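Chemist: First the structure, which I've put down as structure tokens, then a few questions once you've had a look.
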Amino acid sequence: MPDQTEPNNTGVPESGDVNFPGQQSLSELKSVVWSEALDLFEGNEKEAREWMSRNRPFLGNMAPEDMLDSHENIHRLRCFIQQIQRGVLP
Numbered sequence: 000m001p002d003q004t005e006p007n008n009t010g011v012p013e014s015g016d017v018n019f020p021g022q023q024s025l026s027e028l029k030s031v032v033w034s035e036a037l038d039l040f041e042g043n044e045k046e047a048r049e050w051m052s053r054n055r056p057f058l059g060n061m062a063p064e065d066m067l068d069s070h071e072n073i074h075r076l077r078c079f080i081q082q083i084q085r086g087v088l089p
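Its first residue numbered 0, the sequence shown is counted upward by one per residue in numbering that gives the first Met the number 0.
Encoded structure:
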């Protein structure tokens with residue numbers, strides 16, 4: 000089993016690398032996700048809202064707005080947004 004202190008070379012942190020609960024409240028994280036989604040669409044609120052409301056195959060066919068219910072799901076969503084920003088899709 001690999002040492003969890005070493006990077007996994009996938010660009011996505013392993014669950015042991017992330018502190019989900021206790022860092023920020025869900026409300027704060029929802030604001031961060033909205034800001035990141037808005038940045039993704041260069042400030043176009045209509046496009047960002049539409050994107051957040053549609054099911055995404057890479058998110059298990061869930062809509063991003065439906066993933067705002069837990070720290071873990073928000074982390075997955077933020078990783079997905081960051082991959083899009085970098086031009087790297089799973």
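Beta carbons are placed, not taken as given, at the ideal position from N, Cα and C, and that holds for glycine.
Just so it is clear, the structure is predicted and the values come from calculations on it, not from any experiment.
1) Just verifying my parser: in three-state terms, what is the DSSP assignment at ARG55?
2) Roughly how many angstroms separate the alpha carbons of GLN23 and SER30, rounded to a whole number?
3) Taking THR52 as the reference, give the member of ILE73, GLU27, GLU71, ALA62 with the closest Cα.
4) Over what stretch of residues does the alpha helix (DSSP H) that includes ASP65 continue unbroken?
5) Does DSSP put ASN72 in a helix, a strand or coil?
6) Start and end of the alpha helix (DSSP H) containing LEU25?
Modeler: Let me spell this out:
1) For the purposes of this step, residue 55 is taken as the residue at position 56 of the sequence shown. Strand at ARG55.
2) Counting from one through the sequence shown, the residue named residue 23 turns up at place 24. Counting from one through the sequence shown, the residue named residue 30 turns up at place 31. Answer to the nearest angstrom: the Cα atoms are 11 Å apart.
3) As a position in the sequence shown, residue 52 is number 53, starting the count at 1. Note on residue identity: the sequence assigns Ser, not Thr, to residue 52. For the residues ILE73, GLU27, GLU71, ALA62, the minimum Cα distance to SER52 belongs to ALA62.
4) Taking the first residue of the sequence shown as position 1, residue 65 is located at position 66. Here ASP65 belongs to no alpha helix (DSSP H), and DSSP marks it neither H nor E.
5) Counted from its first residue, the sequence shown places residue 72 at position 73. In the structure shown, ASN72 sits in a helix (DSSP, three-state: H, G or I).
6) Indexing the sequence shown from 1 puts residue 25 at position 26. Start and end: 25 to 39.
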